[in-house]
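The next block holds one structure in the form of structure tokens; read it before the comments.
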Amino acid sequence: MNLDSLYQEIILDHYKKPLGSGLQDNFSGEAFHVNTSCGDEVTVRVLLDGNQILNMTHEGVGCSISRASASVLHALTKEETTETFHVLLDNFVDLMHSQGKVVPDEEVLGDAAAFAGVSKYPARVKCALLPWMAMKDAIEGAGNE
Ligand code: ZN
197 MNLDSLYQEI ILDHYKKPLG SGLQDNFSGE AFHVNTSCGD EVTVRVLLDG
247 NQILNMTHEG VGCSISRASA SVLHALTKEE TTETFHVLLD NFVDLMHSQG
297 KVVPDEEVLG DAAAFAGVSK YPARVKCALL PWMAMKDAIE GAGNE
């Protein structure tokens, strides 16, 4: 199995069995984002304790890439700090804007590295980034309350 099909498999697995799907009642910040070019919608809720991310949950409709990306994000950020989230976000944004030219750092990105191939398709980059941008806003919103 080559790397591309392995990556596709990871994305499909997350799409079929999304982690963190279903909004938690108890949360510190929330954001709703829409990707008009594809029709994806996602609501993200974060539960924080100081800078500690206790849990991130999501609910939405959309393509396999946007839904899988939310699932990966849940797994990557659970019980991490908001600082770690921002490091991951910077890495992921760089990867998504690389047009397929950057080799992802799996040590840092884990399953999010599987989206490397998506960066070759500008129309799909927004799908992959949608839940990440929603989570960024949810964390910022939590800080202001
Ligand atoms: Zn999409």
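Residue numbering for the sequence shown follows my numbering, beginning at 197 and increasing consecutively.
Every residue gets a Cβ at the ideal spot worked out from N, C-alpha and C, and that includes glycine.
Asked	Found
Judging by CA-CA distance, which residue of A334, L305, D333, K332 is the nearest neighbour of Y203?	L305
Whose C-beta lies closer than 8 Å to the C-beta of A309 among residues of the same chain, with five residues either side of it excluded?	Y203, L291, P300, D301, E302
Taking H293 as the reference, give the member of P318, D221, L326 with the closest Cα.	P318
Comparing alpha-carbon positions, which option in E336, G225, L244, A312 lies nearest I207?	A312
Relative to the alpha-carbon of E275, which residue among Q295, C259, G246, R263 has its alpha-carbon at the smallest distance?	G246
Can you tell me which of the three DSSP states E303 falls into?	helix
Got a sec: does the ligand ZN put a non-hydrogen atom nearer than 7 Å to the Cβ of S262?	yes
In terms of residue numbering, what span does the beta strand (DSSP E) encompassing N231 cover?	225 to 231
I249: which of V257, K212, F223 sits nearest, CA to CA?	F223
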